[in-house]
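Notes to accompany the following structure.
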Amino acid sequence: MYKILIVEDVEPVADLQVLKLIRAGVAVETRRVETPQDFTRQLELYAPDAILCSVSVPRFSGVTALAMAQSLCPDTPLIFVFKTAEEEATVETFTRGAGDHVFKTSPSNLPWTFARAVKQAEERKIADGQGLAMARMTRMYADQVRELDQLSHQHLVFRKLSRYLKAALTPAEVYAAAECFGPQLFQSTNGKLYLVHPPGKHLEGVASWGDRSPSEQAFTVQDCWALRQTQAHWVGDPRTELLCGHVTSDSKSVPPYLCVPIFAQGETLGLLHLRRVKEESTSPENADSIEPYLNLATAVAEETGLALANLSNRSVIRSPVCTTAAFWKNSSCGSWRARTARSTLSP
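To convert, note that position 231 of the sequence shown is 260 in our numbering; the numbers rise steadily by one, no gaps.
Right under this line is the structure:
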């Protein structure tokens with residue numbers, strides 16, 4: 030059933046138009062208006078499928094009806110119904126170039142014109158829906174391509190970071206690698222690497238990227254929820270979630286941040302702290318985007334922890350007390366070897 034809004038001041042004329050549509054097999058529901066005020070109100074409340082507008086309405090000209098319809102409901106077909114040749118000429122004058130949604134007809138041809146207008150409106154609606162669906166698919170495809178490209182870039186950068194960490198010979202080279210590749214892995218993010226110092230278990234910053242403003246003072250393991258819980262701590266909305274003690278307490282000035290503890294061989298070595306740039310509107314604050322962000326940060330923390338642990342192990346192995354060469358050069362070891370040789374050769 031089609032909902033029709035009729036602009037006509039003579040009720041029998043409107044009834045005749047409805048009768049012609051019904052006799053043509055069109056199921057309709059109608060409302061009649063005579064003034065611009067009623068026209069506007071019915072467009073908002075009734076949402077008609079089509080508008081029938083008589084040309085000769087004393088208080089409501091066709092020009093006004095056309096302008097209001099194109100402004101308030103541009104997709105709704107508007108059909109002007111003329112009764113005389115003079116009215117037809119008038120309609121032709123102000124509808125010239127009005128668009129595909131405007132039609133004119135005589136009362137006798139009303140059913141045919143109405144069917145054509147409704148059919149074209151439905152076809153446009155379907156075409157618009159298909160166009161919107163295609164546009165959505167195009168945007169989704171473009172987003173997926175960008176995401177895959179970003180993941181590929183992150184994978185390449187992470188592999189380079191891993192190689193440099195494995196080849197690092199000093200802690201300073203580990204810090205330099207973090208400062209070099211951190212901004213490439215975590216774009217629009219300020220990052221900082223902290224190390225734990227055993228006396229008092231306090232942490233001090235050793236590497237950073239992004240914001241070079243003065244950093245926080247040294248803090249303890251107990252000041253960070255990630256270190257206390259031995260797992261990553263993500264704060265997406267500082268106004269509703271618990272902040273770490275080493276983060277300012279003014280939640281209005283704190284952007285979303287992530288703390289990832291750095292472990293190696295069962296020991297807490299430090300902390301990776303990532304803080305989103307406040308002006309960045311596309312931060313990973315929803316459940317769909319935080320997971321890859323968290324996985325990447327965890328992988329970087331693990332690689333950094335392994336690199337620092339390897340450096341510590343190398344320093345122990347290279348100690349003069351433990352090296353094999355130093356052991357055999359020791360005089361007491363040489364005397365022990367000589368005594369052993371003599372005891373073996375004696376009868």
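Every residue, glycine too, gets a C-beta built ideally from N, C-alpha and C. Nothing here was measured: the structure is a model prediction, and the numbers come from that model.
Here the alpha carbon of residue 325 sits roughly 16 Å from the alpha carbon of residue 335.
With respect to the 8 Å criterion, residue 210 and residue 186 are classified as neighbours on the basis of their beta carbons. Secondary structure at residue 276: coil, using DSSP grouped into helix, strand and coil. Scanning 236, 293, 237, 297 for the CA closest to the CA of residue 255 turns up 297. Between the alpha carbons of residue 197 and residue 162 lies a gap of roughly 52 Å.
The C-beta separation of residue 201 from residue 333 comes to about 14 Å, leaving the pair out of contact by the 8 Å criterion. Between the segment 81-100 and the segment 113-129, the count of C-beta pairs closer than 8 Å reaches three or more; the two stretches touch. Across the structure, residue 53 and residue 75 are spaced so that their CA atoms are roughly 24 Å apart. By the CB criterion at 8 Å, residue 263 and residue 301 fall outside the cutoff. Of all C-beta pairs linking the segment 213-220 to the segment 233-242, three or more are shorter than 8 Å, placing the two stretches in contact.
Boundaries of the beta strand (DSSP E) around residue 293: 286-293. Sorting 172, 148, 116 by C-alpha distance to the C-alpha of residue 133 places 116 at the top. Straight through space, the alpha carbons of residue 172 and residue 63 are spaced by roughly 51 Å. Under DSSP, residue 58 takes part in a beta bridge, and its partners are 32.
Here the alpha carbon of residue 34 sits roughly 12 Å from the alpha carbon of residue 94. Restricting attention to 135, 180, 114, 331, the CA atom closest to the CA of residue 260 is found in 331. By the neighbour-count criterion, in which a residue is buried when 16 or more other Cβ atoms sit within 10 angstroms of its Cβ, residue 36 is buried.
Non-local beta-carbon contacts of residue 231 in its own chain, meaning distances under 6 Å to residues more than five positions away in sequence, involve 247, 249 in chain order. By the neighbour-count criterion, in which 16 or more other beta carbons inside 10 Å mark a residue as buried, residue 164 falls on the exposed side.
Straight-line measurement puts the Cα of residue 203 at about 13 Å from the Cα of residue 299.
In the displayed model, residue 93 falls within a helix according to three-state DSSP. Relative to residue 55, the option among 143, 182, 125 whose CA is nearest is 143.
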